[in-house]
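Below is one structure, written out as structure tokens; comments come after it.
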DNA sequence: TCTGGGGTCCTAGGACCC
DNA sequence: TCTGGGGTCCTAGGACCC
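In our numbering, the protein residues as written are 23 to 444.
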């Protein structure tokens, strides 16, 4: 018998994280904003009920926020990342076969959980224990393929009767479930494919399942063909318990206001490169390609400019110092005076395992010093806090710094922010 | 009138995910 | 005034090579 997939999805994850530490938020409309306090990226059930849509800019719902006392938070990724790790850790109490799919979702193979109880019972157990252990409410969808588990999860969220768990394995309800799932809700169908499918009368998951596979392939590449098979119960997407190595690492930010000066862009790009290099070393990788991009606002009326420069390194590196030099060279190439920049970013690619970096022809003493300094910097910053030791160019307090006016305390990751019991 | 053919690599763009 | 960030995969088409 094949796998039985359970998709565990945290409900309104960012909002749920905030609620753990401030129970007064229970029952109230709460939203969490994207970087720079720009758009809504998470909504409590009450906020959804007010008609606040995903991705809407904050300034467009100001009226609603005031009238209904919506509680607004800046995003607090340190907190969400930490809670996510706890949730995933809790899931591993049930089985080692956990695929961490995103910050708030995981797939499990229930066939490999012992003892095998009725799947629904198992799902209810997971739900109850996760709530008790982590404070995060979750929804569980169970089916014979990942795509069907997604469908089950989606339905479980909206059905009272499901009580947070829906098992569609060998279910007489399967066809009804598919029929009730609008085509755009299917995993892998975005706006473009949805429009294309609807134009052909394929408006729900059942019709998509019964679509000719070759037609699906023509319209949506092999991804679409695979998707149709998955809806038919033929598993094409296996559980991936070990994450594949990263192919690229990006750090980019929008600025809260216009940035025109080269010096300020240089500061921001230096900080972005520092963050990228930190992530790189944490993954045990070195990068052979550095890309820097800068752009003006896509919404402003003024003159637009957007450009990027990519540099290929002779030797892949994981040293902030070295990568920084290349990033600033790239920035110089694309910087033009007289524009109001609103966003910049750095991307690393061409990854190789750090341990396998090519030996250099002139492996001199200076280079060896470079190589030794980064682990020390990482260690100090881990112990005493980010940017305790940094390169002079990377000033994290510049005017370009991301706005986060309503961020909750770093409850779980900064000692001085840990809640006190009184 | 006819103007080689086939393989590989790279890139840009488009689609999707959370 | 104010509009996020970080990823992946697939394909077509051009460059290049023999």
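Don't be surprised by glycine CBs; every beta carbon is placed ideally from N, CA and C. Here the structure is a predicted model, which is why all the values come from computation and not from measurement.
Under the rule that 16 or more other beta-carbon atoms within 10 Å means buried, what is residue i, buried or exposed?
i, result
"residue 105", "buried"
"residue 31", "buried"
"residue 340", "buried"
"residue 329", "exposed"
"residue 35", "buried"
"residue 74", "buried"
"residue 169", "buried"
"residue 215", "buried"
"residue 102", "buried"
"residue 27", "buried"
"residue 406", "exposed"
"residue 284", "exposed"
"residue 137", "exposed"
"residue 321", "exposed"
"residue 396", "buried"
"residue 442", "exposed"
"residue 256", "exposed"
"residue 129", "buried"
"residue 437", "exposed"
"residue 65", "buried"
"residue 250", "buried"
Classify residue i as helix, strand or coil using the three-state DSSP reduction.
i, result
"residue 111", "helix"
"residue 99", "helix"
"residue 327", "coil"
"residue 182", "coil"
"residue 39", "helix"
"residue 308", "strand"
"residue 45", "helix"
"residue 397", "helix"
"residue 213", "helix"
"residue 443", "coil"
"residue 142", "helix"
"residue 156", "helix"
"residue 293", "helix"
"residue 388", "helix"
"residue 34", "coil"
"residue 447", "Outside the displayed range of the chain (23 to 444) lies residue 447, so it cannot be described from this structure."
"residue 74", "coil"
"residue 433", "coil"
"residue 425", "coil"
"residue 171", "helix"
"residue 134", "helix"
"residue 415", "coil"
"residue 407", "coil"
Out of the options, point me to the one whose CA is closest to residue i's CA.
i, options, result
"residue 327", "343, 340, 141 and 360", "360"
"residue 183", "161, 167, 315 and 191", "161"
"residue 228", "167, 321, 166 and 208", "208"
"residue 145", "44, 191, 335 and 354", "191"
"residue 266", "373, 273, 238 and 117", "373"
"residue 428", "27, 38, 25 and 60", "60"
"residue 345", "325, 319, 293 and 363", "293"
"residue 400", "389, 390, 388 and 413", "413"
"residue 316", "247, 291 and 142", "291"
"residue 371", "176, 349 and 232", "349"
"residue 367", "275, 239 and 352", "275"
"residue 289", "147, 125 and 347", "347"
"residue 282", "179, 297 and 357", "357"
"residue 271", "107, 86, 70 and 298", "298"
"residue 95", "333, 376 and 54", "54"
"residue 226", "244, 205 and 211", "205"
"residue 98", "246, 195, 241 and 39", "39"
"residue 127", "304, 280 and 111", "111"
"residue 362", "278, 163, 43 and 100", "278"
"residue 377", "314, 100, 393 and 232", "393"
Just list the residues that DSSP pairs residue i with in beta bridges.
i, result
"residue 301", "According to DSSP, residue 301 bridges with nothing at all."
"residue 92", "DSSP lists no partner for residue 92."
"residue 65", "53"
"residue 165", "27"
"residue 189", "164"
"residue 129", "29 and 121"
"residue 204", "226"
"residue 79", "61"
*Return the chain-ordered ranges of every alpha helix (DSSP H) run that is complete within the stretch 220–284 and spans a minimum of 4 residues.*
With a minimum length of 4 residues, the continuous alpha helix (DSSP H) runs that stay inside the stretch 220–284 are 227–231 and 235–253.
*Would you list, in sequence order, the uninterrupted beta strand (DSSP E) runs of no fewer than 3 residues that lie entirely inside the stretch 310–385?*
As far as the stretch 310–385 is concerned, its whole beta strand (DSSP E) runs of at least 3 residues are 328–339 and 363–375.
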